[in-house]
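Engineer:
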Ligand SMILES: [Zn+2]
Ligand SMILES: [Zn+2]
């Protein structure tokens, strides 16, 4: 049995604590065999403070993790990745999508573009809907929740079809503060699941939602069932921003995915996905 954890951050993003070596030591203690760093890829300078590394720090990040990968090579497989906001911003140099040192690219949506609901520029009128500040959470009340979900999943669908990504991060993040859609989104999820299968994009089972107001994993059990029905590969992540939460509730996550029927999870190396028996 192999346990992987493909969603972990570093202090470079400005909202994580501890040093990466402590994360690795915690992962070894938890019996994790493959540990991926997927720190937030640089957003534009005016938006990124407290959210992502700067463009100039991209090489610092890769070199820092590469050194640790060598140091701990006999104990754990370390993978280097990025969690990248979709649509892409120029602040993240697209040369990294073809860089031999990069093992995986996770695509996530943390922003809704208010005003035009236009997908062109993630940073224009960007509302970081997972921001726990009360002024940000209150934005949910100003919109039709179905419109927000429609916008969010349209973006996720385009993310999958862009063929840039290996993994979709925290698939239903929009529920973070407990705001649920008021209509059945099964057809939408099925359409995205079919695209994920077609393009060999894995879904992350992310346990960090259990520590958020919604108090559930991302995605919900009914969505994981749709993924299973559509042969969508899955991987695991704790979305850790500190060494303390590495592998949080993985026992619960593994139990759930096995119950649904999964017998394999995915690992990634040099942008290639492979199956690992659970
Ligand atoms: Zn973060
Ligand atoms: Zn994220």
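Residue numbers (the working numbering): 71 to 348. For each residue, glycine too, the CB sits at the ideal point set by N, CA and C.
Just how far apart, CA to CA, sit residue 211 and residue 256?
Structural biologist: Working through the chain shown from its first residue, we reach residue 211 at position 141. Working through the chain shown from its first residue, we reach residue 256 at position 186. Cα to Cα, residue 211 sits roughly 24 Å from residue 256.
Engineer: In terms of residues, what are the limits of the beta strand (DSSP E) holding residue 304?
Structural biologist: Position 234 of the chain shown, counted from the first residue, corresponds to residue 304. Looking at the DSSP string, the run of the beta strand (DSSP E) that includes residue 304 is 304 to 307.
Engineer: Can you tell me where the beta strand (DSSP E) with residue 176 in it begins and where it stops?
Structural biologist: Numbered from its first residue, the chain shown carries residue 176 at position 106. 174 to 178 is the extent of the beta strand (DSSP E) around residue 176.
Engineer: Helix, strand or coil for residue 146 per DSSP?
Structural biologist: Along the chain shown, one-based indexing puts residue 146 at 76. Residue state, collapsed to three classes: coil.
Engineer: Residue 83: beta carbon under 7 Å from a heavy atom of ligand 1?
Structural biologist: One-based indexing of the chain shown puts residue 83 at position 13. Checking the Cβ of residue 83 against ligand 1 gives yes.
Engineer: Is the Cβ-Cβ distance between residue 179 and residue 225 less than 8 Å?
Structural biologist: As a position in the chain shown, residue 179 is number 109, starting the count at 1. As a position in the chain shown, residue 225 is number 155, starting the count at 1. Cβ atoms of residue 179 and residue 225: closer than 8 Å.
Engineer: Below 7 Å, is the gap between the Cβ of residue 286 and the nearest heavy atom of ligand 2?
Structural biologist: For the purposes of this step, residue 286 is identified with residue 216 of the chain shown, where counting begins at 1. Answer for residue 286: no, Cβ out of range of ligand 2.
Engineer: Report the option in 258, 248, 306 and 319 whose CA atom is closest to the CA atom of residue 293.
Structural biologist: Residue 293 sits at position 223 when you count from the first residue of the chain shown. The residue with the shortest Cα to Cα distance from residue 293 is 258.
Engineer: Is residue 120 helix, strand or coil when you go by DSSP?
Structural biologist: Numbered from 1 along the chain shown, position 50 holds the residue referred to as residue 120. Coil, per DSSP.
Engineer: Between which two residues does the beta strand (DSSP E) containing residue 336 stretch?
Structural biologist: Walking along the chain shown from the start, residue 336 turns up at place 266. First-last of the beta strand (DSSP E) with residue 336: 334 to 339.
Engineer: What separation, rounded to the nearest whole angstrom, lies between the Cα atoms of residue 119 and residue 113?
Structural biologist: As a first step, residue 119 must be located in the chain shown, where it is residue number 49. As a first step, residue 113 must be located in the chain shown, where it is residue number 43. If I take the Cα positions, the gap works out to 9 Å.
Engineer: Flag this pair as touching only if the segment 157 to 176 and the segment 198 to 217 have three or more C-beta atom pairs under 8 Å; answer yes or no.
Structural biologist: No contact exists between the segment 157 to 176 and the segment 198 to 217.
Engineer: Give a single yes or no on whether residue 110 has its beta carbon closer than 7 Å to a heavy atom of ligand 1.
Structural biologist: Indexing the chain shown from 1 puts residue 110 at position 40. Within the cutoff, so yes.
Engineer: My output table needs one value for residue 100: the three-state DSSP class, helix, strand or coil.
Structural biologist: Looking up residue 100 in the chain shown gives position 30. Residue state, collapsed to three classes: coil.
Engineer: Since residue 133 and residue 106 are thought to touch, with beta carbons under 8 Å apart, how far apart are those beta carbons, to the nearest angstrom?
Structural biologist: Position 63 of the chain shown holds residue 133. Position 36 of the chain shown holds residue 106. Incorrect: roughly 17 Å between the Cβ atoms, too far for contact.
Engineer: Taking 7 Å as the cut-off, is the C-beta of residue 311 nearer than that to any heavy atom in ligand 2?
Structural biologist: Here residue 311 is taken as the residue at index 241 of the chain shown, counted from 1. Checking every heavy atom of ligand 2 against the Cβ of residue 311, none is found closer than 7 Å.
Engineer: In terms of residues, what are the limits of the beta strand (DSSP E) holding residue 181?
Structural biologist: In the chain shown, counting from the first residue as 1, residue 181 sits at position 111. 181 to 183 is the span of the beta strand (DSSP E), which, as asked, contains residue 181.
Engineer: What is the DSSP secondary structure of residue 127, counted as helix, strand or coil?
Structural biologist: Position 57 of the chain shown, counted from the start, is the residue given in the question as residue 127. It is helical.
Engineer: Cβ-heavy atom distance between residue 274 and ligand 2 below 7 Å?
Structural biologist: For the purposes of this step, residue 274 is identified with residue 204 of the chain shown, where counting begins at 1. Not so, every heavy atom of ligand 2 lies at least 7 Å from the Cβ.
Engineer: According to DSSP, is residue 347 helix, strand or coil?
Structural biologist: For this step, residue 347 is matched to residue 277 along the chain shown. Of the three classes helix, strand and coil, the one that applies to residue 347 here is strand, per DSSP.
Engineer: Label residue 170 either buried or exposed according to how many other C-beta atoms from any shown protein chain fall within 10 Å of its C-beta, with 16 as the threshold for buried.
Structural biologist: Indexing the chain shown from 1 puts residue 170 at position 100. Classification of residue 170: exposed, given that the 10 Å Cβ count is below 16.
Engineer: Based on the DSSP output, what are the partners of residue 227 in its beta bridges?
Structural biologist: Indexing the chain shown from 1 puts residue 227 at position 157. Note: residue 227 sits in no beta bridge, so no partner.
Engineer: What whole-angstrom Cβ distance do residue 330 and residue 72 have, given they're in contact under 8 Å?
Structural biologist: Here residue 330 refers to the residue found at position 260 when the chain shown is read from its first residue. Here residue 72 refers to the residue found at position 2 when the chain shown is read from its first residue. That belief does not hold up - the Cβ atoms of residue 330 and residue 72 are roughly 18 Å apart, past 8 Å.
Engineer: With three or more C-beta pairs closer than 8 Å as the rule, is the segment 301 to 313 touching the segment 133 to 145?
Structural biologist: They do not touch, by the three-pair rule.
Engineer: What are the boundary residues of the beta strand (DSSP E) that includes residue 234?
Structural biologist: For the purposes of this step, residue 234 is taken as residue 164 along the chain shown, with counting starting at 1. Taken as a continuous stretch (DSSP letters only), residue 234 belongs to no beta strand (DSSP E), as it is neither H nor E.
Engineer: So, using beta-carbon positions, are residue 123 and residue 153 closer together than 8 Å?
Structural biologist: Here residue 123 corresponds to residue number 53 of the chain shown, with the count starting at 1. Here residue 153 corresponds to residue number 83 of the chain shown, with the count starting at 1. Result no, Cβ atoms of residue 123 and residue 153 do not sit closer than 8 Å.
Engineer: Express the C-alpha separation of residue 208 and residue 174 in angstroms, rounding to a whole number.
Structural biologist: Stepping through the chain shown from its first residue, residue 174 is reached at position 104. Stepping through the chain shown from its first residue, residue 208 is reached at position 138. Going from the Cα of residue 174 to the Cα of residue 208 covers about 34 Å.
Engineer: Please confirm whether any heavy atom of ligand 1 lies closer than 7 Å to the CB of residue 77.
Structural biologist: For the purposes of this step, residue 77 is taken as residue 7 along the chain shown, with counting starting at 1. No - ligand 1 has no heavy atom lying nearer than 7 Å to the Cβ of residue 77.
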